[in-house]
Every structure is written in structure tokens, then in C-alpha cells.
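First up is the structure itself, then whatever we jot down about it.
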Amino acid sequence: MKRIIIFISILVFGSQIFAQTAMTLEECRKIAVEHNKELKNADYQKQEARANQKTARTAYLPGFSASANAMYLPDVEGFSIPGGFLPTAASEEAALNGEFTGLSNVWSPGMGIEMDNLSVIYGSVTVTQPLYVGGKIRYANKQADAGLEIFDHNYNLKYSEIIEKTDNIYWNIASISANVKLAEKYIEMLTELEEQMVQMYDLGLTPASEKLKVSVQKNEAELNLLKAKNGLRFSKMYMNQILGQDLNSEIQILDSLTYDIKMLDVQNGVSRALSNRDELAILEKQVEITKYDKKIALADYLPQVGISAGYSSYYVKDLVEDPSFSPSFAGQISIPIFQWGQGKHKQDAAELRIKQAQMSLENTNDLISLEVQQVKIQLEEAYESILIAKKNIAEAQESLEETKASFEVGLNTTTDVLNAQAGWQSANSQLINALAKFEILQTTWQKVTGNLKL
């Protein structure tokens with residue numbers, strides 16, 4: 031068993047030719063996160079949501095506006111006021127009250143005014159403050175807060191997806207690299223057997239067909255090695271793409287598959303996922319936003335109150351010698367009376383959107399619970415596969431040694447040796463693949479339970 035462990039360690043931890051780029055898993059994760067365009071876009075969305083939140087806050091504040099108008103009317107016709115006898119009244123009080131009894135004998139001459147070109151300038155400054163708009167401003171602010179939280183959770187989702195993808199390809203590279211070394215070792219074993227068969231054939235101890243069996247097996251192993259190397263090259267290209275590097279950049283991973291593994295604690299996975307998953311948090315916020323939509327729809331049909339104050343000035347050339355300044359104050363209340371049931375219809379539509387959002391939340395709860403259970407089973411299977419693969423290696427190693435010894439004394443055939451070597455190679459490959467799958471599933475478990483966050 032010690033020899034088996036030593037061999038696997040050589041395969042996994044063995045000598046590596048470091049190229050220009052050699053990185054640990056954590057370094058790959060960091061670079062992938064920094065480079066990923068989707069994550070950058072998610073960050074921009076967060077910034078946009080934060081700006082919308084600040085915009086919503088300003089609705090509480092008074093609004094200031096200023097306006098100015100200038101008008102020039104050329105060749106304006108003048109006008110005249112005709113003359114006439116002035117009215118008379120019984121008393122001063124009657125005159126003040128507009129109670130005239132007739133005309134006096136006092137003549138008031140008429141007058142004419144020449145206008146020519148007329149210039150009018152008008153300007154004003156106004157401040158308005160909403161006092162009550164049915165709660166619309168408050169609900170809009172709460173929606174903006176919920177929107178920002180949604181984009182925070184969305185950012186975490188993108189982050190976890192990038193980490194899972196990076197880990198997947200990283201351990202895939204580690205698996206293929208170990209399988210390449212295993213294939214090379216297997217070819218060495220076949221080469222030794224082939225040389226032995228050539229010697230036996232030259233001595234007339236075995237027919238050519240036995241020698242050819244080994245050669246055919248070796249050729250197939252060399253083809254499989256070529257495929258593995260091509261797969262390794264493609265996996266490294268994929269990693270370079272994730273890291274934002276040139277696809278043909280040579281990259282070397284520093285972390286290797288761990289032979290001694292421990293099973294994760296997969297208890298209470300569903301409850302942890304339902305508490306931590308960002309997808310559920312996003313849907314909960316969407317339910318909250320739709321509830322505010324309903325309240326905003328109601329606010330449109332409630333009284334709205336506001337006040338305003340202003341200061342204006344106007345100047346008319348040749349008519350008003352000095353500019354005139356005057357303040358103004360106003361209050362406004364708007365009360366909807368009858369809208370043909372429009373408010374009720376909007377309320378009904380908003381209520382249906384709430385039900386849709388709640389249904390999506392419930393459905394996602396079920397799907398996440400199922401996903402967690404699925405990954406749990408996969409983890410348990412991967413762990414058992416590792417344990418079985420270790421036993422298979424021990425048995426394959428023992429079988430290979432016994433078959434070789436029997437072959438030396440003529441008790442086993444060439445086919446028996448080839449089968450034993452192939453079984454040894456298959457058992458080691460199964461262990462390597464099981465180890466890589468277990469590493470990937472560990473990351474997947476962290477993701478599905480909502481623990482793979484910044």
C-alpha cells in the first residue's frame with residue numbers, strides 16, 4: 031500500500047516544469063474575478079442602483095426653478111383715451127363705493143399714447159415643496175433601497191459563478207496533468223514489455239503475434255496520450271481565457287489533487303441554502319418592490335398637497351420707468367374624485383404582480399432544495415468512488431505483480447500481462463478522476479448552500 035501512495039504522490043505532486051506562469055488556485059480565482067467582464071458589468075449595475083437611490087432621496091427636498099423671458103415688439107400701434115365729463119357722487123363715501131349719481135360739468139380731456147417699439151423683460155424664481163403625495167415619495171425611496179440590495183445579491187451571484195467556473199477548469203487541468211503522467215508511465219511499462227517480447231522473439235521463445243499484441247497496445251496508449259495532451263492544452267487555453275491572458279500563454283498550476291480527503295459536513299444543507307442563497311434574496315426583494323408598486327398605484331388616487339413661493343420682476347421700456355419686484359405664495363391641493371375605476375384596476379394589476387413574484391419565490395425555493403439534495407448525493411458518491419478506487423489500485427497493483435511473476439515462469443500469457451497493466455492504469459485513472467470530481471463538487475457545494483461569496 032505504501033508503494034501505491036508513493037506512486038499516486040508522484041503522479042499528483044511529482045516534478046513539474048514551471049513555465050512563464052505558475053499560479054495557485056487562489057491566485058487564479060483573484061485574477062479571474064478582476065478580469066471578468068460580467069462581474070464588472072454587475073458592479074456598474076450596482077453603481078447605477080446607488081445613483082437611483084440618491085435620486086429618489088432628492089424627492090424629499092424642495093425644488094428650485096428660475097425663468098426669464100424677453101419680448102420685443104416693433105412698430106406697436108399707440109392707443110388713445112377719449113375725453114369726457116367726470117362722474118359725480120352724493121358723498122365721498124359713495125364715490126369710494128362706486129355709487130355715482132350722474133355726470134358733473136367738469137371736462138376731462140382725452141390723451142394719446144405713442145408706443146412705437148415695445149420691449150418687455152420678465153423674470154422669476156420659484157421654490158416648490160410637496161407636503162403630501164399619498165406616500166409615493168416614501169415608497170419610491172424604499173423601492174430604490176430594495177433595488178440596490180438586489181444588485182448587491184446579483185454581484186454575489188456573478189462572483190460565485192466565476193469562482194465555480196475557475197475551480198472547475200483548475201481541477202480539470204490538475205486531473206488531465208496527472209492522467210498524462212499516468213499515461214507516460216503506462217507507456218514505459220508497455221515499452222519494457224515490448225523490449226522483453228522482442229528479445230524472446232529473437233530467441234525463438236515466442237511467436238511474432240505475441241510481440242505484436244504488445245505493440246498494438248502501446249500504439250493505442252500513445253494515441254490516448256496524444257489526446258490527453260491535446261485536452262490539457264485546450265484546458266489551459268480555456269483557463270487563459272478566464273484569466274484574460276493570451277490563449278497560447280503557457281500556464282502551470284501549483285496546487286495538486288490531494289490523495290487523503292475528508293468528507294464534508296453536508297447536514298442541514300437545505301436550511302443553509304434557503305437562508306443564504308442570493309437568488310432567494312433577490313426574489314424576496316422583488317416581492318417587496320411589487321408590494322410598493324401597489325401602494326404607489328393607490329397613492330395616485332389620494333389627495334396631494336404642496337406649497338410654492340416665488341419672486342418675480344418685470345420691466346417695460348418707456349412704460350415702466352423702474353423694474354417692478356413682487357413676491358408670491360401659493361398652496362395647492364389636488365383631490366381625485368372619479369376616474370372610472372382606473373385606480374381599482376391598477377390595484378388589481380399590482381396585486382397580480384405580487385402573486386406572480388411570490389409564486390416565483392416559492393418555485394425557486396423548491397428548485398434550490400432539490401439542487402442541494404442532488405449535490406449532496408453527488409458528493410457522497412464521489413467520496414465513495416475515491417474509497418473504492420483506492421481499493422481497486424491495491425488490488426490492481428497486486429494482480430499486476432503476481433501476473434508478471436507468473437509470466438516470467440510461463441504460467442501466464444502476454445495477454446494476461448497486458449490486461450493486468452491495463453487494469454492498473456484504469457484503476458489509477460479512476461482515482462485521479464474521482465479526486466478531481468470531489469474537489470470540484472466541494473466548490474459546487476459551497477455555491478449551492480450560499481457560502482461562496484465575497
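Mapping of the sequence shown onto the numbering used here: residues 31 to 484, in sequence order.
Idealized CB from N, CA, C, for every residue including glycine.
These numbers come from a predicted model, not from an experiment.
8 Å contact criterion, which residue i and residue j should meet: CB distance rounded
| i | j | result |
| --- | --- | --- |
| F359 | S343 | Contact flag wrong, Cβ pair sits at about 16 Å. |
| S134 | F115 | 6 Å |
| L284 | A52 | 6 Å |
| N165 | K266 | Note on residue identity: the sequence assigns Gly, not Asn, to residue 165. That pair is no contact at about 58 Å. |
| V244 | L220 | 6 Å |
| I272 | A62 | 5 Å |
| P353 | Y341 | Actually they are not in contact, since the Cβ atoms of P353 and Y341 sit about 12 Å apart, beyond 8 Å. |
| N481 | N198 | So it is not a contact: roughly 17 Å between Cβ atoms. |
| Y413 | M230 | Actually they do not touch by this definition, with Cβ atoms about 45 Å apart. |
| L382 | E314 | That pair is no contact at about 18 Å. |
For residue i, the three-state DSSP class (helix, strand or coil)
| i | result |
| --- | --- |
| S286 | coil |
| N147 | strand |
| E469 | helix |
| Y344 | strand |
| S356 | strand |
| Y331 | coil |
| F437 | helix |
| I337 | strand |
| N449 | helix |
| G93 | strand |
| G153 | strand |
| V296 | coil |
| L482 | coil |
| T236 | coil |
| W137 | strand |
| Q11 | In this structure the chain extends from 31 to 484, so residue 11 is not present and cannot be described. |
| S364 | strand |
| I111 | strand |
| L132 | For the record, residue 132 in the displayed sequence is Gly; it is not Leu. Strand at G132. |
| Q386 | helix |
| Q83 | helix |
| I281 | strand |
Residue closest to residue i, alpha-carbon to alpha-carbon, out of the options
| i | options | result |
| --- | --- | --- |
| Q362 | Q159, A119 and K243 | Q159 |
| A81 | S134, L178, V157 and H65 | L178 |
| N278 | M269, S286, L284 and D285 | M269 |
| V155 | D175, Y74 and G93 | G93 |
| K248 | I217, L273, A327 and L233 | I217 |
| T433 | K241, P357 and L223 | L223 |
| T474 | E225, A98, E64 and I192 | I192 |
| Y152 | I180, L313 and A98 | A98 |
| T479 | N147, R302, K215 and S207 | R302 |
| N254 | E214, A238 and P237 | E214 |
| L161 | E56, P333, K385 and A251 | P333 |
| V136 | N147, G113 and N127 | G113 |
| Q404 | T88, W454 and L471 | L471 |
| I384 | A204, G440 and Y322 | Y322 |
| L287 | N66, L262 and I206 | I206 |
| Q77 | I180, S138 and Q372 | I180 |
| W370 | Y331, Q388 and A176 | Y331 |
| Y74 | A258, P353 and D182 | D182 |
| N66 | Q275, D232 and L242 | Q275 |
| V346 | L55, A100 and E438 | A100 |
| T443 | M227, E381 and K374 | M227 |
| T320 | D378, A452 and E64 | D378 |
| A452 | E250, K84, E280 and K374 | E250 |
Close-in-space but distant-in-sequence residues of the same chain around residue i (CB under 7 Å, 5 per side omitted)
| i | result |
| --- | --- |
| K188 | E68, L69 and A72 |
| K477 | S190 and E194 |
| F37 | In this prediction, F37 scores a pLDDT of 46, lower than 50, which makes its location untrustworthy; no coordinate-derived value is stated. |
| A86 | A170, N171 and A174 |
| Q455 | L212 and Y216 |
| S39 | For S39, the predicted structure reports a pLDDT of 45, less than 50, and the residue's modelled location is therefore unreliable. A value from the coordinates is still provided. Y289. |
| F437 | D446 and V447 |
Close Cβ partners of residue i (< 8 Å) along its chain, the five nearest in sequence each way excluded
| i | result |
| --- | --- |
| I416 | I291, L461, A464, L465 and F468 |
| E425 | A457 |
| S459 | N209 and L212 |
| N186 | D308, K483 and L484 |
| L304 | L310, N395, I398 and S399 |
| Q388 | V317 |
Beta-carbon proximity list for residue i, same chain, < 6 Å, skipping 5 on both sides
| i | result |
| --- | --- |
| Y102 | S149 |
| C58 | T196 and Y200 |
| V163 | Q334 |
| S157 | Reading off the sequence shown, one finds Val at residue 157, where the question assumed Ser. These residues qualify, in order along the chain: P92, F94 and A339. |
| K376 | A327 |
| E401 | V478 |
| P104 | N147 |
Say whether the segment 400-409 touches the segment 445-452, bearing in mind that this needs 3 or more beta-carbon pairs closer than 8 Å, one atom from each stretch.
no
Could you tell me whether the segment 386-395 touches the segment 287-302, where touching means 3 or more Cβ pairs closer than 8 Å?
no
Is it true that the segment 365-383 meets the segment 165-180, where meeting means three or more beta-carbon pairs spaced less than 8 Å apart?
no
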